[in-house]
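From first to last, the protein sequence lines are chains A and B.
Quick note, the first sequence lines up with residues 64 to 402 if you use my numbering.
Quick note, the second sequence lines up with residues 64 to 402 if you use my numbering.
As structure tokens, the structure follows; a few thoughts come after it.
Number of protein chains: 2
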Amino acid sequence: MTETGKDGKVRVAVDAMGGDFAPVSLVLGAIDAAKERGENLGVILVGKEKEINELLFSEKCSLPNLTVVNANEVISMNDAPAEVYKSKPDSSLNVALDLQKNGKADALISAGNTGAVLLHSTLKLGRLKGVGRPTIGALMPSKQGFTLIFDVGATVDCRANHLKEYGVMGSIYASYILNIKNPRVGLLSVGEEKSKGNEVTLEAYKLLESSKLNFIGNVEGNDILNSNVDVAVCDGFTGNIIIKFAESVNDLLKTKMRRYADKGLLRKIWIGIFAGTMKNILGDFDYQWHGGVPLLGVNGVSIIGHGKSTPLAVKNMIKRAEEIVRKEVNKKIEAELAG
Amino acid sequence: MTETGKDGKVRVAVDAMGGDFAPVSLVLGAIDAAKERGENLGVILVGKEKEINELLFSEKCSLPNLTVVNANEVISMNDAPAEVYKSKPDSSLNVALDLQKNGKADALISAGNTGAVLLHSTLKLGRLKGVGRPTIGALMPSKQGFTLIFDVGATVDCRANHLKEYGVMGSIYASYILNIKNPRVGLLSVGEEKSKGNEVTLEAYKLLESSKLNFIGNVEGNDILNSNVDVAVCDGFTGNIIIKFAESVNDLLKTKMRRYADKGLLRKIWIGIFAGTMKNILGDFDYQWHGGVPLLGVNGVSIIGHGKSTPLAVKNMIKRAEEIVRKEVNKKIEAELAG
């Protein structure tokens, strides 16, 4: 992988067929990113050429830094990753990753099937030196901003050294990409004391403690939203359950509001008036991949977006990918893990 | 353990010194329970006799079914369970459990140190036949009522058969105590498909599938609040992190409301007016041990309440304990586990 193209331009391949609003959302987001970043950025839309070109035509778009590469197959949100890796070699995801593998792109963004992006990226790009397991992170809104959680589903059975790697990768990401100074890394567990935890976390505690990270020890479930930690480290089983639980909080609150409103006309009017205010307050508690989250630990750059990514979210993902390439996050991870 | 006293009276020992509001909250709750249940119930307050008697005197309380047993030591919320089990043999918790062990009480309720209640109960009462690991459950408010989660911290490293036991015990509790007909038991995991999960849950799936339970397969983090399951089974590590995460949701919302209000006077007034409505809507999302939760699997009855249990919560815990004894929950668990 080259960290940037020869001319200082970063080339981002966009999996144009992945996601609930594909290809429209991806194409529109790609146009906006290409316009905004100009010659610093090359955007490569990968997918069904005819469909993509029709969209570009209808948008009257012809930009020198926006190109299209054809791929005839599409991976759906429900496809089994391991199956389609074999059965759909000409998928937009696979072709987009081939570009990166062959030095024709520096990064990938996809709003498609998360499991497929994970598997394809890992198999196609390989792992960074020192990384046992790549990891997917999530940004959880919290009192003072956001808390990063690693891992949220890439690896359900983790060993202690995997958790330590997540701490290293998460810390570097938080520091260089989210601009958090000296990020606090915490090990998610069942009590603050060093003696609290399961077999794996007890061992991971020792590894994290003796690392160069700003390790603040064990953190508990409530520390995530309370902003007591910047990077919360856990196995992908626990992390996945937490982010899905968090996603459902908004839904529960809405149901409770509706039920409250149903108890009388006055209440209904009252709740109706208040809906806008509630949206402001609760808005960002919706679980979202703000600008996408990186799959860290692969020997390349791979950003995973929410299936429902809007053009704005897609544009932010592309810019995020560019930033990760420019800031040489992978080199920093390898150096830290070697160190 | 006798399931009821000789005369049909159930005798509940109250750890009067455990909890943030001890002994006041415990004594007041005990008085209310003794009054309400009359001769059906014997309530035994265990703790510093002098303090308890002073409280009873100030309440002008003299009930034939409310007695006091002295214990000179107190276990604090921060005491290490294993340490105080040895160093404080005359603690209110230990003496209260001795009453049960010696056939002088049928149940214990405590709002004290959860870890200590777990350890003391397990060591003092022993386990039911067929139970590898006792479990602590939590009642989580959900769209349609409540979802039970087992385990929330008794055992952080679970084997597959422990998870199956939790399913059996949780199902019996949901059915006989919460009156849920044919409770849906789900295995908390990272995907609905049988093939999704970590090593332990994949194995537990098979055990649960071949049990007589109403096993609905894997459930995900969002299914808890969405009422898609009645009894969610997981290891104590995952369960503990979830309930603590859930506890912190209210706090985050309050902070966000305050911040919204701080943006202007009109908003401040608006939020002020709405505070009462919000309380109604969000109120029961506060994590609470509604009427306490049972420590299931011990050869006796042990109910654990929130440290901040009010007299009303204490009264409900005592009545819940009586109900568990009368409905012979433990006999049902042993029968079910014996197959």
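Glycine included, C-beta positions come from ideal geometry on N, C-alpha and C.
Legend entry - When A:A217, A:N128, A:K123 and A:G254 are compared against A96 of chain A, the one with the closest alpha-carbon: A:N128
Legend entry - Identity of the residue in A:G178, A:G92, A:I212 and A:N303 nearest T373 of chain A by Cα: A:G92
Inset, instruction - Determine, using beta carbons only, whether V248 of chain B comes closer than 8 Å to chain A. - result: no
Legend entry - Residue from A:S88, A:S365 and A:F308 with nearest C-alpha to L186 of chain A: A:S365
Legend entry - Rounded separation between G81 of chain B and G193 of chain A - CA only: 49 Å
Inset, instruction - Using a threshold of 8 Å, state whether the C-beta atoms of V296 of chain A and G200 of chain A are closer than that. - result: no
Inset, instruction - Please compile the residues from chain A whose C-beta is within a distance smaller than 8 Å of the C-beta of T210 of chain B. - result: Going along chain A, no residue has its Cβ under 8 Å from T210 of chain B, so there is no contact; the nearest lies around 11 Å.
Inset, instruction - Starting from the Cα of M203 of chain A, find the closest Cα among A:G284, A:K275 and A:I235 and give me that residue. - result: A:G284
Inset, instruction - Could you confirm whether any beta carbon from chain A is found closer than 8 Å to the beta carbon of L288 of chain B? - result: yes
Legend entry - Euclidean distance between Cα positions of D161 of chain B and H225 of chain A: 45 Å
Legend entry - Under 9 Å by beta carbon: chain A residues contacting V180 of chain B: Neighbours of V180 of chain B on chain A: none; closest Cβ ~16 Å, over 9 Å.
Legend entry - Short-range partners of chain B found in the region 76-105 of chain A, where Cβ spacing is below 7 Å: none
Legend entry - Closer than 8 Å at the beta carbon, the chain B residues around V296 of chain A: Chain B residues near V296 of chain A: none, gap ~12 Å exceeds 8 Å.
Inset, instruction - Return the residue from the list A:E102, A:E112 and A:V73 that minimises the CA-CA distance to P86 of chain A. - result: A:E112
Legend entry - Distance CB(G360 of chain A)-CB(T198 of chain A) smaller than 8 Å: yes
Inset, instruction - For the region 269-282 of chain A and the region 173-192 of chain A, state whether three or more C-beta atom pairs, one from each stretch, are separated by less than 8 Å. - result: no
Inset, instruction - For K259 of chain A, collect the residues of the same chain with a Cβ closer than 8 Å to its Cβ; drop the 5 residues on either side in sequence, then sort them by chain order. - result: S252, V253 and N281
Inset, instruction - Just grab the DSSP bridge partners of L358 of chain B for me. - result: B:I199
Legend entry - Segment limits, beta strand (DSSP E) that includes A295 of chain A: V294 to V296
Legend entry - C-alpha gap between K151 of chain A and G166 of chain A, whole angstroms: 22 Å
Legend entry - Reference I243 of chain B, options B:E136, B:V73, B:V180 and B:S290, closest by Cα: B:S290
Inset, instruction - Locate the alpha helix (DSSP H) running through T218 of chain A, then write down its first and last residues. - result: It is not in any alpha helix (DSSP H) - T218 of chain A carries neither H nor E in the DSSP assignment.
Legend entry - Cβ-Cβ distance between G110 of chain B and S155 of chain B below 8 Å: yes
Inset, instruction - Give me the Cα-Cα distance between A168 of chain A and T318 of chain B, rounded to the nearest whole angstrom. - result: 43 Å
Inset, instruction - Kindly confirm or deny that the region 262-270 of chain B and the region 208-226 of chain B touch, where touching means at least three C-beta pairs closer than 8 Å. - result: yes
Legend entry - Contact list for the region 305-321 of chain B against chain A, Cβ threshold 8 Å: I305, I306, K307, F308, A309, E310, S311, V312, D314, L315, L316, T318, K319 and M320
Legend entry - Whole-angstrom distance between D153 of chain B and E136 of chain B, CA atom to CA atom: 5 Å
Legend entry - Secondary structure of N281 of chain B, DSSP reduced to three states: strand
Legend entry - Rounded separation between G368 of chain B and I287 of chain B - CA only: 21 Å
Legend entry - Reduced DSSP category for F120 of chain A - H, G, I as helix; E, B as strand; rest coil: helix
Inset, instruction - Check each candidate in A:V158, A:L126, A:E122 and A:L119 and name the one with the smallest Cα separation from I138 of chain A. - result: A:V158
Inset, instruction - Can you tell me the Cβ-Cβ gap for V73 of chain B and R389 of chain B, rounded? I've got them flagged as a contact below 8 Å. - result: 6 Å
Inset, instruction - At 8 Å on the CB atoms, spell out the chain A contacts of G216 of chain B, in chain order. - result: V253
Inset, instruction - List the residues of chain B whose Cβ lies closer than 7 Å to the Cβ of K206 of chain A, in chain order. - result: L315 and T318
Inset, instruction - Taking all protein chains shown into account, decide if N141 of chain A is buried (16 or more other Cβ within 10 angstroms of its Cβ) or exposed. - result: exposed
Inset, instruction - Output yes or no for whether 8 Å exceeds the beta carbon distance between D293 of chain A and L211 of chain A. - result: yes
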